[in-house]
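Visitor: Take the position in the sequence shown, starting the count at 1, then add 78; the result is the number in the working numbering.
Quick one: this structure, given as structure tokens, is what I'll be asking you about.
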Amino acid sequence: MLERTRHKNTTQVTFVVAADHPCGEVSVVGDFNDWQPGTHPLRARKDGTRAITVAMPTEQRVRFRYLAHGDYWFDEDSADGHDGTNCYVHT
């Protein structure tokens, strides 16, 4: 799930996954962090999900994917679209 908060010059995008699926550590990687795994790890929230919020410039199309333990890559079902390889979100 994606949550967005728009501000004047930035959009805060919160990337959210279930607490138990997939198992182990999960990070979001994409254009905004030069595709570096582990830069934006998702953390447990009180509602039982895991999430990370990333501030990005507004009016951008940002590509991303999730990376879980064991080199397991997966997509976001609620992304704005998919380019054939990666998900994307409009900020």
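C-beta atoms are modelled at their ideal positions from N, C-alpha and C, and glycine is treated no differently.
1. Hey, is ALA157's beta-carbon within less than 9 Å of any beta-carbon in chain B?
2. Just checking PRO100 against the ligand NAP - is the residue's beta carbon closer than 8 Å to any of the ligand's heavy atoms?
3. Quick one: Cα of PHE142 to Cα of ARG128, how far?
4. Below 8 Å on the Cβ atoms is my guess for TYR166 versus VAL132; work out the distance and round it to an integer in Å.
Guide: So, to answer that:
1. Within the model displayed, chain B is absent; a lone protein chain is all it includes.
2. For the ligand NAP, the structure offers nothing, since it holds no ligand at all.
3. So the two alpha carbons sit approximately 17 Å from each other.
4. Cβ-Cβ separation between TYR166 and VAL132: approximately 14 Å, too far for a contact (criterion under 8 Å).
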